[in-house]
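In order, the protein sequences belong to chains P and Y. Here the working numbering is used: the first residue of the first sequence is 2, the next is one more, and so on. Here the working numbering is used: the first residue of the second sequence is 468, the next is one more, and so on. For each residue, glycine too, the CB sits at the ideal point set by N, CA and C. Here's the structure we're looking at; comments come further down.
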Amino acid sequence: MTAILLDHITKRFGSHVAVNDLSLRVPAGSVFGFIGPNGSGKTTTLRMILHILLPDSGRIEVFGDPRTDIARSKIGYLPEERGLYKKMSVRRLLRYYGQLKGKPLKEIDVEINRWIDQIGLGAWLDKPIEALSKGMAQKVQFVSALISKPELLILDEPFSGLDPVNAEVLKDAILEVRRQGTTILFSTHDMAVAERMCDRICMIFRGQKVLDGTLDEIQSDYGTDTVRVKVDGPVDMLRSLPGVTGVNDHGQLQELRFTGNPQALLSALVARVPVLHFEVSHPSLHDIFVRIARPTSEELRESSHG
Amino acid sequence: MGRVFTIARSEFITAVRARGFLIGIMLMPILFGGAVLLQRVVDRQANGILRHVAVIDDTGELYSRLSEAAAAWNRGERDTGPKVTDGPRFTLEQVTPAGDRDALRLALSERVRGQDLYAFVEIPAGLLQGDGRATLMYYSGAPAYRELPDWLQRTVLKEVVTRRFENAKVSPLVVASLLKPISTEEMGLLGRDPDGSVRAARPTDRVRVIGIPVAFMFLLFLIVVMTTPQLLNAVLEEKMSRISEVLLGSVTPFELMLGKLLASTSVSAVMTLVYLTGAAWTAHRWGYLDAIEPRMIAWFVFFLLLSVLIYGSMFIAIGSACSDLRDAQSLMTPAMMILLVPALTWTLVTRAPHSASAVAISLFPPATPFLMLLRLALPERPPAWQVGLGVVLTILTMLIIVWAAGRIVRVGLLMQGKAVRFGEILRWVRA
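See the structure below:
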């Protein structure tokens, strides 16, 4: 079953094309990662799925239904820029957000009790939001998106600004709602999170889809042109190896892009320095992202002149 | 509609629970009541002061008459009206005119400064000798207090006129009877009852014909001023603290706006109930309950609804188009100016309700709810066609403003960071 269907969606703001002929299918029950550099059209796409913005052309369906009100009641949404009513108590806020989704108070209270225990907010339930720490407020925000037990959860940069402990709590919560059958679509800049958590990943760049598939599918499209090495010697030397077209230095580990036979590369390397680690692999999502989104030399020239 | 009610309920609870609401709702009666009370306290205190006046009588004849008149005044006998039980008291002190006059005046001035005297007065001899240029000279440090100099002038004048008549061998008693003033009774207009009989005119009662109509208009004005600009703050706060987008994930911008308007209408309804109950109680106490007609309450509620919708939508639209308070201030000024039109023109309408300018301004839709309400409450009501035209124009304006505000909110709520221009807002409406 399909949770979200985007069929040739285009959205313009004045002369700027924010999303260009985008088609996408998000399977129900999956964790779907939405990646792309800033300004590539991610948030605009998410807003269109929620019917906050309407596309100029194309068709959007949520669980097979194109109607706006149905979409809104089935979707939990955590926008990237988010805030809470400072004077409201946590309980009143969660009830309000739940009721806006059309849920009866009884069901909302059951959900409140469940989540409040899970994320350790019990003592704060009747305190005003302004009394909470930043981390606590972020967790309340997350719970407010889940409180209506949505069939589809849309999270725009859910991990941005979270400390590792709260990020872990959030990740566990996302995985738990996924186990209950909720489809999750989230956008992120954190490629490691996308690699670890997502069943499928889509990347949009300049309003157009440039990647769509499972991590394996995406990586195999980019082949085994990547070698991770750790050597006991100067890193600069790696650039002069035959067949190496690029070096990405991670400090402890170096990622080489090369063309040719890996065995020949290993022989050449061993001849020069002691090799501590040598692994032929797919490019990481991070590497693929950078390869797509890195500005061309022409763009760099323009921006330095501009 | 369910979501609209959810928003309205939450906004209503937030509004009435806020400390400012109770303070705001109490503030008006406290301010009005306090002003009346303060006036009374000040009057009583002012009356309690003994006003000691030094009199330099160059005529040598008038002091004794003044002194008698002061005694009668202090017993509460007024030359201007019925006897009173309390009031200011005047005591006089005769100062013999001798030596250097300027030195005497200076000495008396010092006594006034030292609060030994309240004022002093010079009665020139010329007054009794027919010198047309002779002037009563009154010296005091508190020129705003009129009662004493006015009394002095009346009393001296009366005495001087009596002397003039005596000199002309005319009996003052005859003159008094010849000059006896006539009185005027102000009446309303006659009308015809539905059964055809002539309805008699009633004596004009200023509370009934002006006071209550103006009170109706200002009550409406006050409730609109106290409730609708708050919507701007509420929307702007939601936008600035990034709550708007969370809400837009659940409701349409129009539902959000309707919910807020409904909440504002409910808050106004609560205030109306409180104030009208208070007004009815006060009117009952003073015997004016019958002057608060049910038709006027119905018109009040109708115009309240229209004005809350017009100004509420206007302020919501401004709040959603702005990104910070400074932007909002500059866009709010024109809206406030329009809102102030009735407060600046109501005197024109009460003085000449059927004049072309009063009719025109009461048909200016943003002012119609206030000024047509006032005209409907005045004794001579506006013709039905004017009321009908006013109502139709205002309803049309309300629909256009609500519609335009809906368009502005839809775009404005998602705009962040940049100051918006008026032209740009118009483009959002047309888009």
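Our contact map puts residue i next to residue j with C-beta atoms below 8 Å; I'd like the distance itself, whole angstroms only.
i	j	result
E712/Y	E82/P	6 Å
V692/Y	L806/Y	7 Å
E589/Y	I523/Y	5 Å
At a Cβ threshold of 8 Å, is residue i touching chain Y?
i	result
I113/P	no
P56/P	no
P28/P	no
P159/P	no
P129/P	no
G162/P	no
L85/P	yes
F290/P	no
Q209/P	no
G307/P	Per-residue confidence for G307/P stands at a pLDDT of 45, beneath the threshold of 50, marking its modelled position as unreliable; the derived number appears in the next sentence. Chain Y contact via Cβ: absent.
I53/P	yes
Q139/P	no
K135/P	no
K102/P	yes
P80/P	yes
I76/P	yes
R92/P	no
R13/P	no
R68/P	no
Y223/P	no
R201/P	no
R318/P	Summary: the structure shown does not reach residue 318/P, with chain P confined to residues 2 through 307, and so no result is reported for it.
Return the chain-ordered list of same chain residues with a C-beta closer than 7 Å to the C-beta of residue i, the five sequence neighbours on each side being excluded.
i	result
G307/P	For G307/P, the predicted model reports a pLDDT of 45, less than 50, meaning its position is unreliable; a value from the coordinates is still stated below. Counting only Cβ-Cβ distances below 7 Å, and skipping sequence neighbours, we find nothing.
I892/Y	A788, I875
L771/Y	L687, I690, S735, T739
V211/P	M204, I205, I293
F488/Y	A482
F479/Y	A730, S733, V734
F160/P	A168, L171, T189, D191, V194
P616/Y	Y605
G873/Y	P720, F721, M724
Can you tell me which residues form a DSSP beta bridge with residue i?
i	result
C203/P	F35/P, D213/P
F472/Y	BP columns for F472/Y are empty, so no partner.
K12/P	V20/P
Looking only at its chain, what residues have a beta carbon closer than 8 Å to the beta carbon of residue i, apart from the 5 residues adjacent to it on each side?
i	result
E131/P	K87, K88
L792/Y	L703
I497/Y	none
L815/Y	S822, S824, A825, I828
M684/Y	P809, W813, F837, L838, L840, L841, A844
Figure out for me which residue from the options has the closest Cα to the Cα of residue i.
i	options	result
I202/P	G214/P, D191/P, K210/P, A193/P	G214/P
R762/Y	T558/Y, A668/Y, L845/Y	L845/Y
K885/Y	R669/Y, F769/Y, K706/Y, I490/Y	K706/Y
M2/P	C199/P, V27/P, I185/P	V27/P
H190/P	H287/P, K12/P, G30/P	H287/P
S16/P	Y78/P, D57/P, I5/P	D57/P
L881/Y	F259/P, M137/P, T45/P, Y78/P	T45/P
I783/Y	I764/Y, G879/Y, T719/Y	G879/Y
S780/Y	L646/Y, G527/Y, I868/Y	I868/Y
T1/P	P263/P, T246/P, L242/P	Within the shown structure, residues of chain P are numbered from 2 to 307, placing residue 1/P beyond reach of any answer.
V178/P	E196/P, R207/P, Q209/P, A146/P	A146/P
Would you verify that the beta carbon of residue i is, or is not, closer than 8 Å to some beta carbon of chain P?
i	result
S824/Y	no
S731/Y	no
G469/Y	yes
S829/Y	no
S477/Y	yes
V887/Y	no
V718/Y	yes
T744/Y	no
T473/Y	yes
Once the 5 residues before and after residue i are set aside, which same chain residues still bring their CB inside 6 Å of it?
i	result
P696/Y	F782
E722/Y	R470, V471
G608/Y	V579
M198/P	V32
Relative to chain B, which residues along the segment 699 to 715 of chain Y have a C-beta separation below 9 Å, given in chain order?
No chain B is part of this structure, whose protein chains are labelled P and Y.
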